[in-house]
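Before any comments, here is the structure.
Number of protein chains: 4
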Amino acid sequence: MTALRVTVWNEGVHETTQPDIAAIYPNGIHGAIAEGLREVLGDDVVARTATLADPEHGLSEEVLADTDVLLWWGHIAHDQVSDEVVERVRQHVLGGMGLIVLHSGHFSKIFIRMLGTTCSLRWRNPEGGERELVWTVNPTHPIAEGVEQPIVIEAQEMYGEFFDIPTPDDLVFISSFTGGEVFRSGVTFTRGRGRIFYFSPGDQEYPVYFHPQVRRVLANGVRWAAPSPGPRQAPAVSNPQPVGSGSPA
Amino acid sequence: MTALRVTVWNEGVHETTQPDIAAIYPNGIHGAIAEGLREVLGDDVVARTATLADPEHGLSEEVLADTDVLLWWGHIAHDQVSDEVVERVRQHVLGGMGLIVLHSGHFSKIFIRMLGTTCSLRWRNPEGGERELVWTVNPTHPIAEGVEQPIVIEAQEMYGEFFDIPTPDDLVFISSFTGGEVFRSGVTFTRGRGRIFYFSPGDQEYPVYFHPQVRRVLANGVRWAAPSPGPRQAPAVSNPQPVGSGSPA
Amino acid sequence: MTALRVTVWNEGVHETTQPDIAAIYPNGIHGAIAEGLREVLGDDVVARTATLADPEHGLSEEVLADTDVLLWWGHIAHDQVSDEVVERVRQHVLGGMGLIVLHSGHFSKIFIRMLGTTCSLRWRNPEGGERELVWTVNPTHPIAEGVEQPIVIEAQEMYGEFFDIPTPDDLVFISSFTGGEVFRSGVTFTRGRGRIFYFSPGDQEYPVYFHPQVRRVLANGVRWAAPSPGPRQAPAVSNPQPVGSGSPA
Amino acid sequence: MTALRVTVWNEGVHETTQPDIAAIYPNGIHGAIAEGLREVLGDDVVARTATLADPEHGLSEEVLADTDVLLWWGHIAHDQVSDEVVERVRQHVLGGMGLIVLHSGHFSKIFIRMLGTTCSLRWRNPEGGERELVWTVNPTHPIAEGVEQPIVIEAQEMYGEFFDIPTPDDLVFISSFTGGEVFRSGVTFTRGRGRIFYFSPGDQEYPVYFHPQVRRVLANGVRWAAPSPGPRQAPAVSNPQPVGSGSPA
């Protein structure tokens, strides 16, 4: 098996402007995620990172063409992501690149563009956060393989329903929070030839991406979202002759 | 509009053998449910009741043929329901009769027979119960119409995931409980020509079926599960000629 | 019941520039569709029409606010629809307005914007067209109520798979064509609070919108896509206190 | 990777009683299927076979416990399969064993028992059969990997809609036939911890199981249906303490 080529994208603003968050994520949120993937997947993965501040946000045509699965973390700078890059990412997803959108990425341009809805939700972040329990409701799904029932995250921002997304292809995880809310915290979609996984745990104020079970989920997600063999190519219109008509289809 | 013909079935064992439960449901669980439907639907519904102790459990061919939607509550006497009646009910569901299965009815013969899985789950019933919050995750679904976000049920038995059911057609409600569990508490299925709705709130120890919002959900469920026009007829095998072949299809 | 307020939108270019098509649809494609809805739904519908050439394409804020269900037919002028109007329509759909997209509308801006995919497909239109058979695969769905199995459309443009759409909420119809292709010709989606129905029969070169069964499907679709009671309001982010915390939620 | 342990079950009646069919399938339908799996999967599979005439139909507890994926072909002897064996197979599927049901197996006891519906359909088998085209409608699904669009099967029995099954988890293939019918010919379900794939091509009168593309689909299906790691264990009811309550969960 060839190693999976992963790019972890992070806007990277909190860590460079807020010392308290830099203390939690000294290598950035992207760094912590990439380390987690290497920890779980070992030689099966080659993980690079990219951030908003990089030229073309680090998401040039070359980088995307060399990426099997792209992870996306953003929060306070969604608007600063260029529409051109968003459309480039979308074309790669339609052509087969996997996309994993994390936590506050629910409001990213790329997520809203792929799904078409507002992607709005209910949230709350009291001092110290709330305990999140992540329950598996689809135990045969590859993304749930080897995951504890439930995952216990001691401190997290609360995300609650109604989460305005299209009906997912697969509902893998549902979370509850101390305050009583529930959230569809692990959901999958297919768009064009690309697989999309949204996973909500992971706020910048809490060390969620160091949690071994969260790392397991993201590693499973990367395996699941990896493209099928074949060229990176979005579905396209065609005007064929009937099958068996003698003319080339 | 002709009134919907509803039959509320209850095993009716708790209320006749346990005075504390009879005190909560003096007219039986079936009585409370039927009253709730009349309260919400008024002249749009004609609700009768039937119990395990009735001849043929009150579910003769005649009664089922005269029923648009059957509600099912059972708990400690699932085994006493005759296989013949279960198969009769199944045939009516396949032919178009709506079926609403309630709470501990998840372990009824008819539910397991229609779904094929174990229908097992996680449960807990501490002294005084736990608070259940019922969250709508599909606000455009007819069963969620006019329902508060969330429904607050002060005391309930806890039901938690993993709930071993097939992937539902529609996931309408997800509940959380004081102890942190989550549960897909409102789910729909189609089997043959029949619509099935499972709704989990409603333990015999708590007056859940008097809750106005629970009554609203059940009334919406009855409307939703009502059959399309046409004869009560399960899909059947056929051996037709091709369309337009001149022979009768 | 209050009458359903329907707006039938058509780009209206073929009928005004090609006499052969004007001969098939003397009142325009929009006119034929609106007549069909009136024929089936009678006083239950008030149908108006709008076209590309109208100011704001006939889709002002006032018109949309007064529309329960919008039908959309377009083909050669998708690019001429203003982005501002598309976004306005999208907001109304997210807020609850029903949307029915027809035939070549699969490539309309609004459909692609709501679904996120390329919406590409396979097509062929030989002289005289191909026979399309529309098969119901979900007989309990409200959109299939009273519809013949199959609908026989003697002449149509062929649309075939792969049709690049997200997995639909409900698959209602599958078509076959003389040349052997198949197509998911009747599919539903929910986006925000709005219901979307795509139905593929209906090319400008064939009198499909006069077909009684096609008219039945569109009338069923209008009933199904009509909004639930309540204000026209897209889901929005909120930051509530926990339930029962004493503070307003 | 350990080799997948596959058991191909066939009632094996046609081949032993009808010389014309024995001539098509000299090693039995089960033999042809097993050969196809070995051809495509090589050392990744160990395929054994079993038939109705074997003791316990060749499906003892020992055999099933040693089986990752069971393929099922039956037609005229469904009634002769013992209920005890059917329930044994069901328990293994609920516990994680993959199940692939083929063609006329739609009317097998195990398929109906897992799905709950009548599994009825429309069929026709004119002299020489009809051409079946199998179209992929979910190109990212693992079962569609490397499969031609469409698969052309020159002669087959026709199976048409309405096919009375629950809404599948995934719709992978739709077939058309010379007579114009369509059929959801490749569908997946999850029941308990087990994955189920139904694939309709494969009548005893035609050499369908020698078709390279059909063999590809079945090999893909075996890979997809293989269990996740872990013990063979159906979901079961549990009565845990709350998470973090200090008592064992």
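Protein chains in written order, with the UniProt record's numbering: chain G, 1 to 249; chain D, 1 to 249; chain Z, 1 to 249; chain S, 1 to 249.
In this text, a Cβ means the ideal position worked out from N, Cα and C, and glycines have one as well.
Assuming contact is defined by CB atoms lying nearer than 8 Å, are residue i and residue j in contact in what I supplied?
i: Trp-135/Z; j: Gly-105/Z; result: no
i: Leu-102/S; j: Gly-202/S; result: yes
i: Glu-132/Z; j: Asn-220/Z; result: no
i: Thr-188/G; j: Asp-164/G; result: no
i: Ile-100/Z; j: Ala-225/Z; result: yes
i: Gly-180/G; j: Ala-155/G; result: no
i: Ile-174/S; j: Ile-153/Z; result: no
i: Val-93/G; j: Gly-194/G; result: yes
i: Gly-192/D; j: Gly-95/D; result: yes
i: Ile-112/S; j: Val-13/S; result: no
i: Val-85/G; j: Glu-56/G; result: yes
i: His-78/G; j: Phe-107/G; result: yes
i: Thr-116/D; j: Leu-115/S; result: The amino acid at residue 116/D is misidentified as Thr; the sequence shows Gly. Yes, Cβ-Cβ distance for Gly-116/D and Leu-115/S is below 8 Å.
i: Val-182/Z; j: Val-45/Z; result: no
i: Leu-171/D; j: Leu-171/G; result: yes
i: Glu-15/D; j: Tyr-25/D; result: yes
i: Glu-130/S; j: Thr-178/S; result: yes
i: Ser-176/S; j: Ser-60/Z; result: no
Can you check which of these residues, the options, is closest to residue i by C-alpha distance?
i: Arg-88/G; options: Leu-70/G, His-75/G and Ala-77/G; result: Leu-70/G
i: Gly-58/D; options: Ala-65/D, Leu-64/D and Ala-50/D; result: Ala-50/D
i: Thr-67/D; options: Phe-107/D, Val-243/D and Thr-7/D; result: Thr-7/D
i: Ser-238/Z; options: Thr-118/G, Asn-27/G and Val-63/G; result: Thr-118/G
i: Gln-80/S; options: Gln-204/S, Ala-155/S, Gly-95/S and Ile-110/S; result: Ile-110/S
i: Ala-47/G; options: Val-63/G, Pro-150/G, Asp-54/G and Arg-5/G; result: Arg-5/G
i: Ile-143/G; options: Val-45/S, Ser-228/S, Asp-43/S and Phe-199/S; result: Ser-228/S
i: Asn-138/Z; options: Ala-77/Z, Glu-15/Z and Gly-186/Z; result: Gly-186/Z
i: Ile-196/Z; options: Asp-43/Z, Asp-83/Z, Arg-90/Z and Asp-54/Z; result: Arg-90/Z
i: Asp-54/Z; options: Thr-17/Z, Gly-42/Z and Trp-9/Z; result: Trp-9/Z
What in chain G is Cβ-close to residue i, meaning under 7 Å?
i: Arg-191/Z; result: Gly-116, Thr-117 and Pro-166
Using a Cβ-Cβ distance under 8 Å, would residue i count as near chain A?
i: Arg-184/D; result: You won't find chain A in this structure, because its protein chains are G, D, Z and S.
Taking C-beta pairs closer than 7 Å, name the residues in chain S that residue i reaches, listed in chain order.
i: Leu-171/G; result: Those within 7 Å of Leu-171/G in chain S number zero; the least Cβ separation is about 11 Å.
i: Pro-201/G; result: Correct list: empty, because the minimum Cβ distance to chain S is about 16 Å.
i: Gly-180/Z; result: Leu-133 and Ser-176
i: Ser-238/D; result: Arg-122
Going along chain S in order, which residues have a C-beta closer than 9 Å to the C-beta of residue i?
i: Pro-207/G; result: Correct list: empty, because the minimum Cβ distance to chain S is about 19 Å.
i: Phe-162/Z; result: Trp-135, Thr-136, Val-137, Asn-138, Pro-139 and Gln-149
Tell me which residues share the same chain as residue i and place their Cβ nearer than 6 Å to its Cβ, disregarding the 5 neighbours each side in the sequence.
i: Val-214/S; result: Pro-201 and Val-208
i: Pro-248/S; result: Reliability of the predicted coordinates at Pro-248/S is poor, the pLDDT of 46 falling under 50, and no value is obtained from them.
i: Thr-167/Z; result: none
i: Gln-204/D; result: His-14 and Ile-21
i: Pro-150/Z; result: Leu-133, Val-134 and Trp-135
Can you list, in chain order, the residues of its chain with a C-beta nearer than 7 Å to that of residue i? Leave out the 5 residues immediately preceding and following it.
i: Val-147/S; result: Thr-136, Gln-213, Arg-216 and Val-217
i: Val-40/S; result: Arg-215, Arg-216 and Ala-219
For residue i, which residues in chain G fall below 8 Å Cβ to Cβ?
i: Val-152/S; result: Val-243 and Gly-244
Counting only Cβ pairs nearer than 7 Å, list the residues of chain D close to residue i.
i: Leu-41/S; result: What Leu-41/S touches in chain D: nothing, since even the nearest Cβ is about 28 Å away.
Which same chain residues, not among the five before or five after residue i, have their C-beta less than 8 Å away from its C-beta?
i: Ser-245/S; result: none
What residues of chain Z sit near residue i, judged by a beta carbon separation below 8 Å?
i: Leu-70/G; result: Those within 8 Å of Leu-70/G in chain Z number zero; the least Cβ separation is about 16 Å.
i: Arg-232/G; result: None at all; the shortest Cβ gap to chain Z is about 14 Å.
List the residues of chain S whose Cβ lies closer than 8 Å to the Cβ of residue i, in chain order.
i: Arg-195/G; result: Thr-140
Using a cut-off of 8 Å between C-beta atoms, extract the partners of residue i located in chain D.
i: Glu-145/Z; result: Ser-228 and Pro-229
At 7 Å on the CB atoms, spell out the chain Z contacts of residue i, in chain order.
i: Gln-235/G; result: Sequence inspection shows Pro at residue 235/G; the Gln mentioned does not correspond to that position. Under the 7 Å cutoff, chain Z gives Thr-118, Ser-120, Phe-162 and Asp-164.
Going by the C-beta, is residue i closer than 7 Å to any heavy atom of the ligand COA?
i: Thr-118/G; result: Inclusion of the ligand COA in the displayed structure is not the case, the ligand content being empty and no account of it being possible.
Is the segment 148-161 of chain D close to the segment 120-132 of chain D, with three or more CB pairs under 8 Å? yes
Per the contact definition of three or more C-beta pairs closer than 8 Å, is the segment 17-32 of chain D in contact with the segment 232-247 of chain G? no
For the structure I just gave you, are there three or more beta carbon pairs, one from the segment 206-213 of chain G and one from the segment 32-43 of chain G, closer than 8 Å? yes
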